[in-house]
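Protein chains in written order, with this note's numbering: chain E, 8 to 161; chain A, 137 to 307.
Heads up, the beta-carbon is just placed ideally off N, CA and C, and yes, glycines get one too.
To start, the structure itself, in structure tokens.
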Amino acid sequence: MFLCAAVIGQNSQPLWLQTFQEAASSAVQPSDPLAFHYLVHCALDGVEEKSAVALPRRVPSQGAADCYLGQLYSTEEYTVHGLMTNTQIKLLVVVDQDAPREDALRLVLNRIHVAYVDAISNPFNEPGLPITSARFDQSVKQIIAVANGTAQPV
Amino acid sequence: METINSEILSLTYGSIVRQLITDLEDMDEVNKQLDVMGYNMGIRLIDEFLANARITKCGDFKETAENIAKVGFKMFLNTTATVVNWNADNTECGLVLEDNLLIDFVELPEACSKLSYCQLLCGVIRGALEMVNISAECSFSRDTLHGDDTNEIHLKFTSQKAEAYPYKDDD
Chain E
8 MFLCAAVIGQ NSQPLWLQTF QEAASSAVQP SDPLAFHYLV HCALDGVEEK
58 SAVALPRRVP SQGAADCYLG QLYSTEEYTV HGLMTNTQIK LLVVVDQDAP
108 REDALRLVLN RIHVAYVDAI SNPFNEPGLP ITSARFDQSV KQIIAVANGT
158 AQPV
Chain A
137 METINSEILS LTYGSIVRQL ITDLEDMDEV NKQLDVMGYN MGIRLIDEFL
187 ANARITKCGD FKETAENIAK VGFKMFLNTT ATVVNWNADN TECGLVLEDN
237 LLIDFVELPE ACSKLSYCQL LCGVIRGALE MVNISAECSF SRDTLHGDDT
287 NEIHLKFTSQ KAEAYPYKDD D
């Protein structure tokens, strides 16, 4: 179950964060976005570790140059997985206990990457500033909803 | 025919508009400037259009509008427009554009709500028509960037000048 997605910029500044809380699963304490901000921030250390290891040995079979970083940080309830682009933009997702398989995670992160590229191609978007695109919000919501099984893929 | 990725056109146009906004700051000025730029493009594009399009002379404004919508847009933007809403004496119509590649990734922020993003297209049409002695007014009546469901250019033919010969016959 995907709970949160975030985009972090080159200088580790948060560019976008959105939580996806299902109405049904509010048995867990309803986390406010601040808790997720904290989680994502802690996960950035994981990003540094993984990217320091990954970059020197560039695996040719990896195809696209984007590094799927895998699991970055975990607590009792949540795990954070991520992807870092060549431009040092990190796309992170927070999942809870029933973590999806790796290929599902890769798929979701790749789709978010595509949505991110469309959002920054907007001439009115300032690089380095928070992303305020309604279309991006909508796309990621749709991606997460499909991944969580609460919506049909269009 | 050579093709290029349309994204480069969308991004180039986007940065032109951004630069104009930074330089001029007033949305009306930006709209005017885009129109002038389009006009300058149109007066040159018309020759290319007439050279490459296999069209016969237009009998009336209706045929002119159809040619712009079907042949012109197809040649330069690889999309076609539909001509709708002719008024009673056939001088005004709308050109409905389903997909416009110039606005591919664009979302207008609040500060730019008065901006007519594709005003350049209106200028192009106005300039091109002027070179064939038709004066027209052209503006966007519906714009998806402002929340409407489609893009529509309102075209109004004002007058048609006769061919003006620069030299007198008996010299």
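- Interface residue (Cβ-Cβ distance to chain A less than 9 Å): arginine 118 of chain E is not classified as such.
- Using a CB distance cut-off of 9 Å, threonine 92 of chain E does not count as an interface residue toward chain A.
- Within its own chain, the residues whose Cβ lies closer than 6 Å to the Cβ of serine 275 of chain A, once the five positions on either side in sequence are excluded, are Cys258, His290, listed in chain order.
- Contact check for alanine 12 of chain E against isoleucine 127 of chain E fails: the beta carbons are separated by 9 Å or more.
- Bridge partners of tryptophan 222 of chain A according to DSSP: none are assigned.
- In the DSSP assignment, methionine 91 of chain E falls within the beta strand (DSSP E) that extends over 86 to 91.
- For aspartate 110 of chain E, not one C-beta of chain A is nearer than 9 Å to its own C-beta.
- Nearest C-alpha to valine 60 of chain E among E:Leu116, E:Ile138, E:Gly77: E:Gly77.
- Pairwise C-beta distances place the segment 102 to 118 of chain E out of contact with the segment 15 to 27 of chain E, as fewer than three of them are shorter than 8 Å.
- Excluding five sequence positions before and after lysine 297 of chain A, the CB atoms of its chain that fall closer than 6 Å to its own CB belong to Asn269, given in chain order.
- In this structure leucine 181 of chain A is not in contact with isoleucine 204 of chain A, their Cβ atoms being roughly 11 Å apart against a cut-off of 8 Å.
- Ranking E:Gln149, E:Glu133, E:His44, E:Pro134 by CA distance to the CA of leucine 116 of chain E puts E:Gln149 first.
- Per DSSP, the beta-bridge partners of asparagine 287 of chain A are A:Leu233.
- The Cβ atoms of tryptophan 222 of chain A and lysine 198 of chain A sit closer than 9 Å to each other.
- DSSP places serine 275 of chain A inside the beta strand (DSSP E), whose first and last residues are 270 to 278.
- Looking at the backbone, the Cα of leucine 99 of chain E and that of alanine 122 of chain E are separated by about 14 Å.
- Among the bridge pairs identified by DSSP, threonine 26 of chain E is matched with E:Cys11.
- Using a CB distance below 7 Å, no part of the segment 276 to 294 of chain A faces chain E.
- Here the C-alpha atom of aspartate 196 of chain A lies approximately 36 Å from the C-alpha atom of glutamate 143 of chain A.
- Look at the segment 94 to 124 of chain E and you find these whole runs of beta strand (DSSP E), each 3 residues long or longer: 97 to 102.
- For tyrosine 80 of chain E, the enclosing beta strand (DSSP E) begins and ends at 74 to 81.
- The C-alpha of tyrosine 80 of chain E lies about 5 Å from the C-alpha of valine 87 of chain E.
- Cβ neighbours of tyrosine 149 of chain A within its own chain (closer than 7 Å, five residues either side excluded): Leu238.
- In this structure, the alpha-carbon of aspartate 171 of chain A lies about 18 Å from that of leucine 213 of chain A.
- Residue state for proline 130 of chain E is assigned as coil, using DSSP reduced to three classes.
- Residue burial is scored here from C-beta neighbours: tyrosine 85 of chain E has at least 16 other C-beta atoms within 10 angstroms and is therefore classed as buried.
- Serine 146 of chain E has a beta carbon lying at 9 Å or more from every beta carbon in chain A.
- Distance from the CA of threonine 280 of chain A to the CA of threonine 82 of chain E, rounded to the nearest whole angstrom, comes to 45 Å.
- The count of Cβ pairs closer than 8 Å, one atom from the segment 155 to 169 of chain A and one from the segment 40 to 48 of chain E, stays below three, leaving the stretches out of contact.
- In this structure, DSSP gives glutamate 228 of chain A an extended state, which the three-state scheme calls strand.
- Taking 9 Å as the cut-off, the beta carbon of glutamate 243 of chain A is found no closer than this to the beta carbon of lysine 292 of chain A.
- With a beta-carbon spacing of about 12 Å, aspartate 235 of chain A and threonine 218 of chain A fall beyond the 8 Å limit used to define contacts.
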